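Participant: Take a look at this one; I'll ask things after.
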Amino acid sequence: MAKAISGFFRTRKEGEAAQDALLSSGFTRDEVSFIAGDTAAQDTPKIGPVYGTGAEEEAGTDAWIGGAAGLAAGVIAMAIPGLGPLFVAGPIAGAVAGLTAGAAAGGFIGLLRDAGVSDEEAEFYEEGVRRGGSLVTVHGVSGDRAGRAKDILDHAGAIHVEDLADELQHSGWKGKVRKAG
C-alpha cells in the first residue's frame, strides 16, 4: 500500500478547511479522509454504543447525522472507547465506524497504519485527535498528485509531526513518538 499523505491540524475547523481545499482542487471523497476529535463533548450528538442498553449489537456507530449538527454530508459522528467523540469522513470512515469496545486505542492505531500512515506517526496522530485535533489523509495517489496533496496540506497549516510530538511530550504525554530522521 502506498504511504498516505497526512496533515495534522490543532482544530476541527482547520482540518475541515484543509479537506475543503483538497476537494476543491480535484481530489475526490474516495481519496480524502478526515478524522477529528471533539473536546467539546457537550456539543457532540450522543451517537455510538450506549453501554448497558443492548445498543452494542445495533448499528448506532454507523449513524449518519445531518444539518442539525452543522456537519457536511457524509460525515459520521461517533464515540470510540479510549478516544471519545470523533467526526470522520472519507474512506477511513467505514473502518473507524467498525471499531468497537474490544478494539479501543490499539485498534485505532492499527487502522491508521492500514490506511498508510507510518508507524512513527500513528500514535502521535491518535493522541492529537484525542486532544481535539484533526487529521486529513490523502490515500492512493502518487507522483505529482501526491506532491500537490502535500503542498495543499502544508499551505493549509499542517503541523509537522516533530513539532507536535515535542508539544505533546512537553505537556506531559508519555507516548512513544519518535522524531523522524
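FYI, the numbering used here numbers position 167 of the sequence shown as 152, with every residue one higher than the one before it. Heads up, the beta-carbon is just placed ideally off N, CA and C, and yes, glycines get one too. Given the structure is predicted, the values throughout are model-derived calculations rather than measurements.
(1) Scan the segment 96 to 123 and note each continuous beta strand (DSSP E) run of 3 residues or more that stays entirely inside, going in chain order.
(2) To the nearest angstrom, report how far apart Q4 and A(-11) are at their CA atoms.
(3) Alpha carbon to alpha carbon, how far is V17 from E(-1)?
(4) Keeping to the same chain, check which residues put their C-beta closer than 7 Å to that of A2; ignore five residues upstream and five downstream.
(5) Return the chain-ordered list of same chain residues with a C-beta closer than 7 Å to the C-beta of L149, the five sequence neighbours on each side being excluded.
(6) By DSSP's criteria, A74 is part of a beta bridge. Which residues make up the other side?
(7) Between which two residues does the beta strand (DSSP E) carrying I137 extend?
(8) Taking only three categories from DSSP, how would you classify G157?
(9) With respect to 8 Å, is the separation between the Cβ of V126 and the closest non-hydrogen atom of the ligand ADP below this value?
(10) Whole-angstrom Cβ separation of T(-4) and S156, contact assumed at under 8 Å?
(11) What residue range is occupied by the uninterrupted alpha helix (DSSP H) comprising G9?
(12) To the nearest angstrom, how far is the alpha carbon of F19 from that of S10?
Facilitator: Concretely, from the data shown:
(1) As summarised for the segment 96 to 123, the continuous beta strand (DSSP E) elements at least 3 residues long and confined to that stretch are 119 to 123, given in chain order.
(2) So the two alpha carbons sit approximately 14 Å from each other.
(3) Rounded to the nearest whole angstrom, the C-alpha separation of V17 and E(-1) is 15 Å.
(4) Answer for A2: A141, listed in chain order.
(5) Excluding the 5 residues flanking it on each side, L149 has same chain C-beta neighbours closer than 7 Å at F(-7), F109, G113, in chain order.
(6) Note: A74 sits in a beta bridge opposite F19.
(7) For I137, no beta strand (DSSP E) segment is defined; the enclosing uninterrupted segment is the alpha helix (DSSP H) at 128 to 140.
(8) G157: coil per DSSP, three-state reduction.
(9) Absence of the ligand ADP from the depicted structure is noted, as is the absence of any ligand whatsoever, leaving it without description.
(10) 16 Å between Cβ atoms; not a contact.
(11) For the record, residue 9 in the displayed sequence is Ser; it is not Gly. From DSSP, the alpha helix (DSSP H) with S9 extends over -3 to 9.
(12) Between the alpha carbons of F19 and S10 lies a distance of about 16 Å.
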